[in-house]
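Per our numbering, the very first residue in the sequence shown carries number 205; after that it's consecutive.
For every residue, glycine included, the Cβ atom is placed at its ideal position computed from N, Cα and C.
On a predicted model such as this, the values are computed, not experimentally measured, just so you know.
Encoded as structure tokens, the structure appears first; notes follow it.
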Amino acid sequence: MELFLAGIGILAGLAALYWRWKRRLEAEIAEGADFEWRRLGETDPEILNGLDRARFAAIYRRVHFPRFPGYALACLASFTLSLPASFGLLAGGLFLADKLGLTPQTAAVADLLVDEKSMRFVRAAPPEAALYFVRDLGGFYYFFGVLLIWLLIVAFFMRRYHARQPGYLRDEILRSR
């Protein structure tokens, strides 16, 4: 529990750093939008037809604001906050699979590992050690279950990241009309 709370604390610190960085960067982007508004007004005024300064600034921000840090932070937060639910689902699934007889029985698998008073892959271990080895194979399901859940989280955020990717400024201005 302490490790989970420490992870949430680290996550809160990262969120605070991201918030400060985002505020500073948005001020710089607003300054760049004002400069670009003036420049386009002088060199290519017909592209700005039908746009006011606030809408142009919003388009400029969408094009130039780096999106990856926000998505990475959201992905990391989803990893951390999904752990209790992930472990609960995995424990319930393993319990249900055990009750339905879908998991291997410890004694049957241990018999496969024992060959004439010693284990097959570790000759120095007594046959009783096979029972302890097989009993802990549930960790295999937890490890790969959490890995699968994390891969699903990454797939969700990557699809969203690439689906919302803006184009060039000129293209976004033309698309917004």
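Item	Value
For F208 and L287, believed in contact at Cβ under 8 Å, the rounded distance	7 Å
DSSP-derived helix/strand/coil call for L304	coil
At least three beta-carbon pairs within less than 8 Å, the segment 341-354 to the segment 227-246	no
Inter-residue spacing [alpha-carbon to alpha-carbon] between I357 and S282	7 Å
6 Å Cβ shell around L373 - same chain, five flanking residues per side excluded	V267
Check whether F361 and Y275 have beta carbons under 8 Å apart	yes
Touching by the beta-carbon criterion (3+ pairs, under 8 Å), the segment 236-244 and the segment 255-264	yes
Rounded C-alpha distance that separates G157 from L255	Residue 157 lies beyond the residue range present for the chain, which begins at 205 and ends at 381; the question has no answer from this structure.
Distance CB(T284)-CB(G213) smaller than 8 Å	no
Proximity below 8 Å, CB of L277 to CB of A219	yes
Beta carbon of R298 nearer than 8 Å to that of Y345	The question names Arg, yet the displayed sequence has Leu at residue 298. Going by C-beta atoms, L298 is nearer than 8 Å to Y345.
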